[in-house]
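See structure below.
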Amino acid sequence: MFTQFQGPHSFSVESSIARFGSFSAKLHWQHDEPQKYNGDPQVLDNTDRKAMFHGHKASTTLATVWYGFSAYFPSEQTQLEDGQGALFFQIHGARDKNKEPNRIPPLSINLVENGFNIGYSWDSKKTSTSSHGEDNETFDVPAKLAEYQDRWVDFVIKVKTDPFENNGAISIWVDGKQMVNRTHIKIGYNDDMGVYPSFGWYLWGKYVNRNQDMIMYLDEVRQAEGEDISYQDVAPKAN
0 MFTQFQGPHS
10 FSVESSIARF
20 GSFSAKLHWQ
30 HDEPQKYNGD
40 PQVLDNTDRK
50 AMFHGHKAST
60 TLATVWYGFS
70 AYFPSEQTQL
80 EDGQGALFFQ
90 IHGARDKNKE
100 PNRIPPLSIN
110 LVENGFNIGY
120 SWDSKKTSTS
130 SHGEDNETFD
140 VPAKLAEYQD
150 RWVDFVIKVK
160 TDPFENNGAI
170 SIWVDGKQMV
180 NRTHIKIGYN
190 DDMGVYPSFG
200 WYLWGKYVNR
210 NQDMIMYLDE
220 VRQAEGEDIS
230 YQDVAPKAN
């Protein structure tokens, strides 16, 4: 749907590493003077924090959406220390044109030292007044980071959005194993349009303060919507 790239270095087609076929997407975020590429070089804006592209919106705020992709996290360029993290996938709300603030994502997945940090949020009000929504939750999925570096990692994400009732759900599979299964929750925002996915780096908040670049590769990216979609419809395919 659109892209947010810190600079011209942020996206390239990679031919030396691929999950399937001959190419992958290389997403590169530079830590040195990250604000120098967009707008005012004295101001670190939202795009300065990103090497990210965004998919299409769901048809409604009450939707079942699926996303599948493979990510490769090179150990040299995904080093995390001292509480650092990096968001590499989110679904976002398409705020209405009614002066609503920018809001945290209905779902975010962050790479952290001890695994994955998951956040989700919701707001049933027609006009959101808080950037954090009506409420939000975070939780960790413990894992050894080294086990997910220097190889392709397959992700499948299923989200049933519902900001009004406890009918929402989040399911996340990593390498075919279900690691998250949260049901009977509220998730999403009361917008005219449904959520949309974002793939790639977002160094939000204090995560932008680091002394190394961040690089990841993406392949086998898919998205689908509907109650009749299955895991296999979006899962990365075997070589």
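With numbering that gives the first Met the number 0 applied, the sequence shown has no gaps in its numbers, which climb one by one up to 238 at the end.
Idealized CB from N, CA, C, for every residue including glycine.
Source: prediction; values computed, not measured.
Subject >> Rounded Cβ spacing between L86 and Y201 (contact assumed at less than 8 Å) >> reply: Start at 1 with the first residue of the sequence shown, and residue 86 comes out as number 87. Start at 1 with the first residue of the sequence shown, and residue 201 comes out as number 202. Going by Cβ atoms, the distance from L86 to Y201 rounds to 4 Å, so yes, they are a contact pair.
Subject >> Assigned exposure category for E80 - 16 Cβ within 10 Å defines buried >> reply: Within the sequence shown, numbered from 1, the residue matching residue 80 stands at position 81. That one is exposed.
Original post:
Between S69 and A234, what straight-line distance do the alpha-carbon atoms span, to the nearest angstrom?
Top reply: Stepping through the sequence shown from its first residue, residue 69 is reached at position 70. Stepping through the sequence shown from its first residue, residue 234 is reached at position 235. Taking the straight line from one Cα to the other gives about 9 Å.
**OP:** State the Cα-Cα distance for the pair D161 and S229, rounded to the nearest angstrom.
**Re:** As a working note, residue 161 is residue 162 in the sequence shown. As a working note, residue 229 is residue 230 in the sequence shown. Each residue's alpha carbon lies about 20 Å from the other.
Original post:
Per DSSP, what kind of secondary structure is K159 in: helix, strand or coil?
Top reply: Taking the first residue of the sequence shown as 1, we reach residue 159 at position 160. Three-state DSSP puts K159 in a strand.
**OP:** Could you work out which residue in P40, K49, D44, G20 is closest to D212 when comparing CA atoms only?
**Re:** What you label residue 212 is simply residue 213 of the sequence shown in a count that begins at 1. The shortest Cα separation from D212 among P40, K49, D44, G20 belongs to K49.
Subject >> Y230: first and last residue of the uninterrupted alpha helix (DSSP H) it sits in >> reply: Residue mapping note: residue 230 aligns to position 231 of the sequence shown, counting from 1. Residues 230-233.
Original post:
Should the region 172-189 be regarded as contacting the region 21-34, the criterion being three or more beta carbon pairs within less than 8 Å?
Top reply: Counting Cβ pairs under 8 Å, fewer than three are found: no touch.
Original post:
Who pairs with W203 in a beta bridge, going by DSSP?
Top reply: Within the sequence shown, the letter at position 204 stands for residue 203. Per DSSP, W203 has no beta bridge partner at all.
Original post:
Below 8 Å between beta carbons: does that hold for Y71 and R221?
Top reply: For the purposes of this step, residue 71 is taken as residue 72 along the sequence shown, with counting starting at 1. For the purposes of this step, residue 221 is taken as residue 222 along the sequence shown, with counting starting at 1. In this structure, R221 does not lie closer than 8 Å to Y71 by Cβ.
**OP:** Assuming K159 contacts A145 (C-beta within less than 8 Å), just tell me the rounded distance between them.
**Re:** Counted from its first residue, the sequence shown places residue 159 at position 160. Counted from its first residue, the sequence shown places residue 145 at position 146. Cβ atoms of K159 and A145 stay farther apart than 8 Å, at about 33 Å.
Original post:
What residues are listed by DSSP as bridge partners for T63?
Top reply: Working through the sequence shown from its first residue, we reach residue 63 at position 64. Note: T63 sits in a beta bridge opposite K159.
**OP:** Return the residue from the list G82, S197, K157 that minimises the CA-CA distance to Q89.
**Re:** Indexing the sequence shown from 1 puts residue 89 at position 90. Out of G82, S197, K157, S197 has the C-alpha closest to the C-alpha of Q89.
Subject >> Proximity of H91 and Y216 at Cβ, strictly below 8 Å >> reply: If you number the sequence shown from 1, residue 91 lands on position 92. If you number the sequence shown from 1, residue 216 lands on position 217. Not a contact, by the Cβ cut-off of 8 Å.
Original post:
What are the complete beta strand (DSSP E) segments, minimum 3 residues, inside the region 11-55?
Top reply: Counting only runs of at least 3 residues, the region 11-55 fully encloses the following beta strand (DSSP E) elements, listed from N- to C-terminal order: 23-28, 49-53.
**OP:** Please determine, among V111, G118, D95, the residue with the shortest C-alpha to C-alpha distance to P104.
**Re:** Position 105 of the sequence shown, counted from the start, is the residue given in the question as residue 104. Minimum Cα distance to P104 is reached at G118.
Subject >> Boundaries of the beta strand (DSSP E) in which Q89 is found, first to last residue >> reply: Along the sequence shown, read from residue 1 onward, the residue named residue 89 stands at position 90. Under the DSSP assignment, Q89 falls in the beta strand (DSSP E) whose first and last residues are 84-91.
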